[in-house]
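In our numbering, the protein residues as written are 64 to 195.
Yeah, the Cβ is synthetic: ideal placement off N, Cα and C, and Gly gets one too.
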């Protein structure tokens, strides 16, 4: 398993991780199989989505804020209930097929770390499973 850190810059942040994921896969020596990317945090998540237009992640942030606003009469004493809910909606892991030692993504796809309670230093864990 490989781990790396990310520094987020604002309360909500979508950070493209393609380079770091490819490096982790290469360091593991995974050439054919599946890589699982896991986010070990309760107020951050992961998604695979479009990388061509930055308005896509801006729109995702807008929609998530509409669905789960920061002020909503929540009971959680830390005041970050919205971040917990958004993280649960995105999920804490994603899998990507690896072939030829590279993650296999569609033409317009990237893997994004989704920060919902930043800025913070976050961890990303990558584990490979080789084809037998």
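Using CA atoms only, rank isn't needed, just tell me which of the options is closest to residue i.
i           : options               : result
residue 161 : 137, 141, 142 and 193 : 193
residue 144 : 180, 158, 82 and 113  : 180
residue 191 : 94, 133, 154 and 102  : 94
residue 41  : 135, 87, 76 and 132   : In the structure as shown, the chain begins at 64 and stops at 195. Residue 41 is therefore absent and cannot be evaluated.
residue 138 : 112, 148 and 85       : 148
residue 64  : 81, 79 and 92         : 92
residue 167 : 186, 140, 67 and 85   : 85
residue 126 : 153, 115 and 185      : 153
In the structure shown, what three-state DSSP assignment does residue i receive?
i           : result
residue 127 : helix
residue 99  : strand
residue 86  : helix
residue 121 : helix
residue 156 : strand
residue 73  : coil
residue 151 : helix
Would the beta-carbon of residue i fall within 9 Å of that of residue j?
i           : j           : result
residue 182 : residue 71  : yes
residue 102 : residue 156 : yes
residue 89  : residue 169 : no
residue 123 : residue 106 : no
For residue i, which beta-bridge partners are listed by DSSP?
i           : result
residue 192 : 97
residue 67  : 187
residue 112 : 173
residue 79  : 175
residue 107 : 178
residue 165 : 162
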